[in-house]
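Enquirer: Using my numbering, you'd call the opening residue of the sequence shown number 90 and step up by one each time.
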Amino acid sequence: MVRVSGKIRRLLVDAGLVSDEDWAAARERGGAPVATLLSQGTLTESALLSTLGAAAGVAPVDMTRMRPDPQALGLIPQDICLEHGILPLAKNGDILTIVVSDPFDVLLLDDIKRMTRCSLRTVLSHPAAIKAASDVLFDTGSKQVSDLLGEVISGELEVAVAQEQENIEAAAVSSEDAPAVKLMNLIILRGLKEKASDIHIEPGDGAMRVRYRVDGAMYEAMRPPASIGPALLSRLKIMASLDIAERFAPQDGKFQIRFENRKIDFRLSILPVVGGEKAVMRILDTGSMSLKLDSLGYEVKSLEDIKRAFSAAYGMLLLTGPTGSGKSTTLYSCIKEVATPDVNVVTVEDPVEYRMDGINQVPVNPKRGMTFAGALRSILRQDPDIVLVGEIRDTETADIAIKAALTGHLVLSTLHTNDAATTITRLVDMGIDPFMVASSLLCIGAQRLARKLCTQCRVKLDRLPTAELLSVGFLESEIDELVIYGPGPSGCARCKEGYKGRFAILETLYLEAPLKRMVIERRSAVEIKSEALRLGMLSLRRVGLLNVARGKTSLEEVLRTTLDDK
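1. How far does the beta strand (DSSP E) with A593 in it extend, from its first residue to its last?
2. What residue range does the beta strand (DSSP E) around D354 cover?
3. In its own chain, which residues sit with a C-beta less than 6 Å from the C-beta of V452, not counting the 5 before and 5 after it?
4. Between which two residues does the alpha helix (DSSP H) holding Q167 run?
5. If R302 sits next to D287, beta carbons under 8 Å apart, how far is it from one beta carbon to the other, in whole angstroms?
6. With the cut-off set at 8 Å, would you say Y588 and P603 are in Cβ contact?
7. May I ask you to report which of helix, strand or coil DSSP gives I337?
8. Less than 8 Å between the C-beta atoms of I372 and G280, yes or no?
9. List in chain order: all unbroken alpha helix (DSSP H) runs of 4+ residues lying wholly within the region 422-449.
10. Please look up how many angstroms separate the CB atoms of S214 and P314, rounded, as I've assumed it's under 8 Å.
11. Determine the contact status of I594 and T503, defining contact as a CB-CB distance below 8 Å.
12. Any contact of the region 400-414 with the region 494-508, i.e. 3+ C-beta pairs under 8 Å?
13. Assuming D199 is part of the alpha helix (DSSP H), what are its boundary residues?
14. Do you know how far the Cα of E335 is from the Cα of V435?
15. Since L198 and L209 are thought to touch, with beta carbons under 8 Å apart, how far apart are those beta carbons, to the nearest angstrom?
16. Between which two residues does the alpha helix (DSSP H) carrying M607 extend?
17. Looking at the secondary structure, which residues open and close the beta strand (DSSP E) in which P177 lies?
18. Does the distance from the CB of C423 to the CB of F461 come in under 8 Å?
19. Could you tell me whether the Cβ atoms of I468 and I491 are closer together than 8 Å?
20. Is the CB-CB distance between A115 and T125 below 8 Å?
21. So if DSSP puts V672 in a beta bridge, which residue, or which two residues, is it bridged to?
22. Using 8 Å as the threshold, is the region 562-578 in touch with the region 629-648, meaning 3 or more CB pairs across them?
23. Using a Cβ-Cβ cutoff of less than 6 Å, which residues in the same chain neighbour D111 once the five nearest sequence positions on both sides are dropped?
24. What is the DSSP secondary structure of A621, reduced to helix, strand or coil?
25. Is the region 532-540 touching the region 620-639, taking contact as three or more C-beta pairs under 8 Å?
26. Can you tell me whether F524 is buried or exposed? The criterion is at least 16 other CB atoms within 10 Å of its CB, across all chains shown.
27. Determine the burial state of Y387: buried for a count of at least 16 other Cβ atoms within 10 Å of its Cβ, exposed for fewer.
28. So A269 is in the alpha helix (DSSP H); what residue range does that whole segment cover?
29. Helix, strand or coil for K585? Go by DSSP, reduced to three states.
30. So A368 and F344 are supposed to be a Cβ contact under 8 Å. How far apart are they, rounded?
31. Kindly give me the distance between the Cβ atoms of S529 and L559, rounded to whole angstroms, as I take these residues to be in contact under 8 Å.
32. So, helix, strand or coil for D653, using DSSP?
Pasting the structure below:
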């Protein structure tokens, strides 16, 4: 664990970069406060390094451009580097250059001097950058995996599989020292450190395959031998309180772990496939989820439309988009804005993904007769002010939700459609009267998630032909000063293939009077969208292009995640 001196906190507070409350809140979330403040956007990397560097007289460095000397690396043990967040970079005579995240830890620096018998020249970077470089240089994940796989292959587990297939599960998980337990812990830990949203464990010929979904993209992380597959799956089933003897039917469960002093929920799905069973874990990390609408990066116009809708006394706000597009996060953020002690907020969800204090959350359970429609009927007898319906899946749920919106309730929900305009025609096609739709709907938001370019390794691209830029949706007035960036050819130590993190692209259609008339007249989605654009709506494609012009993402990413407005 990297230690952070109190002097860093005082410097940042005195400089006005963070408040005491910001620091305290970051510390409560666990982990390094500086890393938390950086990930939240409360503190910027440049401000951090310039403040600490000026106070300590130490120059900041860009770790993505540093190539440590192997001879210098051997002077300080790997475990000390990882524990204290330091890295030796170069040795010139008896002068050793090391990068540190805390230049004020004089006790550590004295220890390093005695250990290496060198004078020290310190340079500065932040903990995440040093850790990313250390992981690449030391290849800690691969070493741990190879050690465990060696234990699996050379130990008794493989023999047990051949001799007693039916009972291997119990044998493999009977001890905390079992290789399957260790390997599963490593798989989960690496997924958390990679900030993965999902972990996939799949059977194969001769080897299992472990893949992570990071920022919406899948990549393979490791290939354990197939012999450990049954033990890995049984370990997961025990963690989620599932039936380890059942191998031919799908099973769903959940479990919770503690990581960096916060609780993280996992939703587990196990599916029989050719060759064995496949497991997918959805990571539900409430601690890493921002619930402030203003911090989600929406365009001003879109944000105003959303706030105008959920500030209304009654009506319906709908969010649309594919699975994994951030709809739930946006709805939870809206609820967080209006959930006060004098407001009764009730949700019905399948499943309840994030627990929120002060909110009454009802889980759907069809096996026990608790459907969306049934739960919604009961909720309306609970004197709610605001109702969140996780998803409108059928005509019955849609009908009840719209009637609730017309009878004095604010209803928030989601629907699976391509854009905001087609949501209207979808509701009508489900059998809802157009007049009811027009009367109840306040605003429809269509959302996608796009990857952000890594600011450390993004590259400026050659200028595209004007005709091509116009064809994708740029305005003629924007083209002269337009600069487009793309991902670095091979990425860097801090990102995945040139991208790091994601942001929301949000299209909002607020139903003004002209649009309500068009709904009642049963006009097509194309006509409604055309009129909405004329009234100032920012489409998904347009919002994406605005972020391309800012250098936040690539044109390729926007074209991948949004449809043409024509």
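Note that CB positions come from ideal geometry on N, CA and C, so glycine has one too.
Expert: Let's see:
1. Going by DSSP, A593 is part of the beta strand (DSSP E) stretching over 588-599.
2. In this chain, the beta strand (DSSP E) harbouring D354 covers 351-362.
3. Residue identity check: residue 452 is Pro in the sequence provided, not Val. When the five nearest sequence neighbours on each side are left out, the beta carbons in the same chain lying within less than 6 Å of the beta carbon of P452 are those of P440, V441, in order along the chain.
4. Per DSSP, the unbroken alpha helix (DSSP H) holding Q167 starts and ends at 167-173.
5. With 8 Å as the limit, R302 and D287 qualify as a contact, their Cβ atoms being about 4 Å apart.
6. Contact: no.
7. In the sequence on display, residue 337 carries Phe and not Ile. In this structure, F337 counts as coil in the three-state DSSP scheme.
8. The answer is yes: Cβ separation under 8 Å.
9. The alpha helix (DSSP H) runs lying completely inside the region 422-449 and spanning 4 residues or more number zero.
10. Contact between S214 and P314 is ruled out by a C-beta separation of about 38 Å, above the 8 Å threshold.
11. The answer is no: Cβ separation not under 8 Å.
12. These segments touch.
13. Its alpha helix (DSSP H) spans residues 195-205.
14. So the alpha carbons of these two residues sit roughly 36 Å apart.
15. Taking a contact as a CB-CB distance under 8 Å, the pair L198 and L209 counts as one, their CB atoms being some 6 Å apart.
16. Following the DSSP letters along the chain, one finds M607 inside the alpha helix (DSSP H) bounded by residues 602-609.
17. Here the beta strand (DSSP E) through P177 covers 176-181.
18. In this structure, F461 does not lie closer than 8 Å to C423 by Cβ.
19. When the beta-carbon positions are compared, I468 and I491 stay at least 8 Å from each other.
20. With respect to the 8 Å criterion, A115 and T125 are classified as neighbours on the basis of their beta carbons.
21. Residue 672 cannot be examined here, being either before or after the span of the chain that is shown, 90 to 655.
22. Because the criterion of three Cβ pairs below 8 Å is met, the region 562-578 and the region 629-648 touch.
23. The answer, listed in chain order, is T131.
24. It is helical.
25. Flag = yes, the region 532-540 and the region 620-639 touch.
26. With fewer than 16 other Cβ atoms within 10 Å, it is exposed.
27. Y387 should be labelled buried.
28. First-last of the alpha helix (DSSP H) with A269: 268-282.
29. Correct three-state label for K585: strand.
30. Actually they do not touch by this definition, with Cβ atoms about 12 Å apart.
31. Wrong, their Cβ atoms sit about 39 Å apart, outside the cutoff.
32. Three-state DSSP puts D653 in coil, outside helix and strand.
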